[in-house]
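> Numbering (my numbering), first residue to last: 37 to 139.
So that we are looking at the same thing, I have put the structure below in structure tokens.
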């Protein structure tokens with residue numbers, strides 16, 4: 037799966053197992069070059085993420101419900117009840133989208 041932004045393809049990796057989801061981007065010091073999909077994740081925490089990221093939350097039809105640009109480490113977002121999937125993208129990716137668009 038990939039996302040196309042300004043003629044650039046960003047690969048999206050889906051994390052499904054417990055350990056993959058638990059680790060996520062924690063303690064990753066290299067710059068994020070790909071997107072990460074967390075299926076069925078409604079609560080977002082950027083604890084121990086060592087870089088700024090863009091966060092997109094979608095419903096079951098991949099319609100964007102919530103969009104957060106340039107999220108800094110050590111932030112919490114309370115659970116959103118209509119959200120089905122949460123995506124972490126490299127910084128600057130979400131500028132091309134707005135709430136209501138489809139991924």
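Every residue, glycine too, gets a C-beta built ideally from N, C-alpha and C.
1. Taking all protein chains shown into account, decide if residue 91 is buried (16 or more other Cβ within 10 angstroms of its Cβ) or exposed.
2. With a threshold of 8 Å, are at least 3 pairs of Cβ atoms found where one atom belongs to the region 77 to 85 and the other to the region 48 to 66?
3. Whether or not the region 116 to 126 and the region 96 to 108 are in contact is what I'm after, with contact meaning three or more pairs of Cβ atoms, one per stretch, closer than 8 Å; do they touch?
4. Could you name the residues of the same chain whose beta carbon sits closer than 7 Å to that of residue 52, not counting the 5 residues immediately before and after it, in chain order?
5. Provide the residue span of the alpha helix (DSSP H) that contains residue 50, from first to last.
6. Measure the Cβ-Cβ separation of residue 45 and residue 38 and say whether it is below 7 Å.
Taking the coordinates as given:
1. It counts as buried.
2. The region 77 to 85 vs the region 48 to 66: in contact.
3. Here the region 96 to 108 makes contact with the region 116 to 126; the two share three or more CB pairs at distances below 8 Å.
4. 75.
5. Where residue 50 is concerned, there is no enclosing alpha helix (DSSP H), although the beta strand (DSSP E) around it starts and stops at 44 to 50.
6. Contact: yes.
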